[in-house]
Structure formats: C-alpha cells, structure tokens
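Top line first, the protein sequences correspond to chains A and B. Residue numbers 53 to 166, in my numbering, belong to the letters of the first sequence in order. Residue numbers 24 to 135, in my numbering, belong to the letters of the second sequence in order. Each residue gets a CB set at the ideal place from its N, CA and C atoms; glycine is no exception. Notes to accompany the following structure.
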Amino acid sequence: DTGVSQDPRHKITKRGQNVTFRCDPISEHNRLYWYRQTLGQGPEFLTYFQNEAQLEKSRLLSDRFSAERPKGSFSTLEIQRTEQGDSAMYLCASSQSTPWWEQFFGPGTRLTVL
Amino acid sequence: AQSVTQPDIHITVSEGASLELRCNYSYGATPYLFWYVQSPGQGLQLLLKYFSGDTLVQGIKGFEAEFKRSQSSFNLRKPSVHWSDAAEYFCAVGPNDYKLSFGAGTTVTVRA
Chain A
53 DTGVSQDPRH
63 KITKRGQNVT
73 FRCDPISEHN
83 RLYWYRQTLG
93 QGPEFLTYFQ
103 NEAQLEKSRL
113 LSDRFSAERP
123 KGSFSTLEIQ
133 RTEQGDSAMY
143 LCASSQSTPW
153 WEQFFGPGTR
163 LTVL
Chain B
24 AQSVTQPDIH
34 ITVSEGASLE
44 LRCNYSYGAT
54 PYLFWYVQSP
64 GQGLQLLLKY
74 FSGDTLVQGI
84 KGFEAEFKRS
94 QSSFNLRKPS
104 VHWSDAAEYF
114 CAVGPNDYKL
124 SFGAGTTVTV
134 RA
C-alpha cells in the first residue's frame with residue numbers, strides 16, 4: 053500500500069491556460085474525492101466518485117472544472133481557462149464505501165496561476 | 024448548513040506542555056466529528072473521530088478529544104506535546120456519507 057499519490061506536486065501556469073492533475077488512489081478503495089484548499093483555509097469538498105460514477109459535485113466546481121475517473125481507478129481533474137482565483141492546493145483522497153469517513157489524503161497538487 | 028469554527032488561528036506551546044485546540048460546530052443533529060493533522064509536505068491524517076457513545080475519544084499519537092453537546096464543541100487535547108506535533112490541525116464534520124467539511128485550521132508551533 054503506497055498511499056494516495058498525486059501528480060504533479062506543483063504546477064505554475066499562466067492565466068487562461070488549461071491544466072490537468074492526476075490522482076492515484078489506494079488500490080482497493082472504490083471512492084475518490086477531490087478537495088481544494090486555499091491559503092489559510094481548510095479543505096473544501098469539490099466532488100467525489102464511487103468507482104467510475106461521479107456522484108456529487110460542489111457548486112464550487114464551475115463549468116471550467118471537470119473530473120473523470122474512467123476506469124474506476126485513477127482520476128483526473130482538469131481546469132480550463134485558469135484564473136488567478138484557481139490558485140490553491142488540490143487534494144485528492146480515497147476511501148472504501150464503508151467506512152466512507154476514513155479518507156486517506158494525498159500530498160496535494162499546488163497550483164499557482166500567474 | 025453545517026459549519027465548523029476553529030477560533031484559534033495559531034497556538035504556540037512549549038515542548039512537554041499540554042495542548043488544547045478548540046472546535047465548535049453548527050449542525051442540527053450530532054454529526055460525525057473528526058480531527059485531522061496536516062504536516063508540511065504530508066497529506067492530511069486522521070487523528071480521531073466521534074460518532075456516538077463515550078464522549079471522550081482516544082486517537083493516535085497520544086491525542087484525545089471530548090464531545091460536549093451542550094457547548095457544540097469537540098476540543099482536541101494532548102497532555103504533553105513533542106516537537107513533532109508542530110503542524111496544522113483541522114476539525115471536520117461529516118454530515119452525510121461522503122463529504123467532510125473542515126474548519127479553517129489551527130497552526131501549532133512547538134518551542135523548545
């Protein structure tokens with residue numbers, strides 16, 4: 053068990069560019085979550101998947117954001133036409149359906165939009 | 024809507040001294056309550072949880088927390104801190120079966 057991994061760990065981009073992040077969950081976990089953490093704040097829920105189905109999306113997830121988990125394993129989070137306000141740490145977590153609350157977090161991808 | 028408040032942004036404590044971090048929640052019923060720790064460069068790690076029953080719960084790394092319904096609080100404590108306890112601590116609630124709602128966090132600095 054290598055834990056949850058995220059790639060890249062850091063991303064610097066210019067406003068208007070598209071970026072994509074990858075999350076590899078713990079292999080036996082069927083749930084995968086994305087959170088966003090801005091400076092001085094706690095993580096905020098964005099979306100989650102059970103297997104390949106995206107079951108819930110926060111209103112924080114504007115139409116510029118899209119997440120996929122095509123085969124129920126790794127997930128990608130894409131941000132189109134990035135804005136400076138998108139600068140944040142993007143956290144991925146995974147869990148089993150039960151107990152759902154035992155979410156294991158990855159180290160995060162820090163996005164800086166210039 | 025459920026919310027979590029952590030009144031202390033930053034706490035400094037001497038090594039070996041006791042630590043208490045405050046957490047207040049707002050929710051119609053008793054939610055699931057959690058404390059997480061985030062060390063630099065590390066992912067969030069679950070310290071302990073409360074669902075029901077005994078209001079004093081024990082967690083990892085020598086931490087404990089007490090649920091007080093009358094005060095809507097779930098404070099985290101440790102009797103004697105170690106330098107390795109320097110980190111950011113988040114209280115969270117889980118009002119449903121998928122989403123964690125976190126407070127803004129408390130940064131703990133440990134001085135020698």
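At a cut of 8 Å, does the segment 26-33 of chain B reach the segment 73-86 of chain A through at least three beta carbon pairs? no
Assuming T164(A) contacts S139(A) under a Cβ cut-off of 8 Å, what Cβ separation, rounded to an integer in Å, is found between them? 5 Å
Cross-chain neighbours of Q106(A) in chain B, by beta carbon under 9 Å: Within 9 Å Cβ-Cβ: nothing; Q106(A) doesn't reach chain B, min ~12 Å.
At which residue ranges does the segment 86-146 of chain A contain complete beta strand (DSSP E) runs of 3 or more residues, listed in the order of the chain? 96-102, 105-109, 117-120, 127-131
Sequence-distant residues of its chain with Cβ nearer than 7 Å to G128(B) (five each side left out): These residues qualify, in order along the chain: Q29, E111, Y112, F113.
Residue from G92(A), L107(A), G124(A) whose Cα sits closest to the Cα of H81(A): G124(A)
Give, in chain order, every residue of the segment 74-106 of chain B whose Cβ lies closer than 9 Å to some Cβ of chain A. F74
Does the distance from the C-beta atom of V36(B) to that of V133(B) stay below 8 Å? yes
So what does DSSP say about I34(B), is it helix, strand or coil? Correct three-state label for I34(B): strand.
CB-CB under 8 Å to Q148(A), same chain, minus the five flanking residues each way: which ones, in chain order? E80, H81, N82, R83, E154
Exposed unless 16 or more other CB atoms sit within 10 angstroms - verdict on L113(A): buried
Starting from the C-beta of L69(B), find all residues in its chain whose C-beta is less than 7 Å away, skip the five residues before and the five after it, and write them out in chain order. Within the same chain, L69(B) has close Cβ partners F57, Y59.
In the DSSP output, which residue or residues are listed as bridge partners for H62(A)? R162(A)
Three-way DSSP call (helix, strand, coil) for G167(A) in this model: Residue 167(A) is absent from the model: chain A starts at 53 and stops at 166.
Closest residue to S57(A) among G158(A), R162(A), L166(A) (Cα-Cα distance): G158(A)
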